[in-house]
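Student: Residue numbers (full-length UniProt numbering): 1 to 128. Just so you know, even glycine gets a beta-carbon here, dropped at the ideal spot from N, CA and C. Would you mind keeping the following structure in view while I ask a few things?
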Ligand code: FES
């Protein structure tokens, strides 16, 4: 499952005028329609990290989840190559099942929960 953000910034021609946002979504939906149910596309309102628009969350399959995979957040999905890489990875099984392309891996971003955990101050130590 691909969750394609289409909130205030993702999919916005004002923010990214050089990207065919509707064309991206059409390509993703066409791939899902041809996948015999192996790939699903859902759109979402703003998922949070607008600075990394266009954002797509790649959900693991049931088997991927059983293998310990989690959802992967991919930012800056603006080019046709990015869509190619996303589709190749998702149709090969996605997180936990197949390796993403190195270029796509460079676009992985932390989810908002992961980002918060990374910036949280460490707990003060107990006095001895
Ligand atoms: S609009 Fe996509 S993260 Fe905000």
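Near residue 42, which residues of its chain fall below 8 Å by C-beta distance, leaving aside the five closest residues on each side in sequence?
Tutor: Hits under 8 Å: 1, 2, 3 and 4.
Student: Confirm the yes/no value for this check: CB of residue 116, any heavy atom of ligand 1, distance under 8 Å.
Tutor: Checking the Cβ of residue 116 against ligand 1 gives no.
Student: Assuming residue 35 contacts residue 91 under a Cβ cut-off of 8 Å, what Cβ separation, rounded to an integer in Å, is found between them?
Tutor: Contact holds; Cβ gap of about 6 Å.
Student: Leaving out the 5 sequence neighbours to the left and right, which residues in its chain are closer than 6 Å to residue 10 when beta-carbon positions are compared?
Tutor: Excluding residues within five positions, the ones whose Cβ falls inside 6 Å are 53, 54 and 55.
Student: In chain order, which continuous runs of the alpha helix (DSSP H) of length 4 or greater are located wholly inside the segment 21 to 77?
Tutor: Fully enclosed alpha helix (DSSP H) runs of 4 or longer: 21 to 33 and 62 to 66.
Student: Do the segment 67 to 82 and the segment 104 to 114 touch if we need at least three Cβ pairs shorter than 8 Å?
Tutor: Touching, yes.
Student: Alpha carbon to alpha carbon, how far is residue 100 from residue 84?
Tutor: Cα to Cα, the separation comes out at about 11 Å.
Student: Does the Cβ-Cβ distance between residue 57 and residue 24 come in under 9 Å?
Tutor: No, they are not a contact pair.
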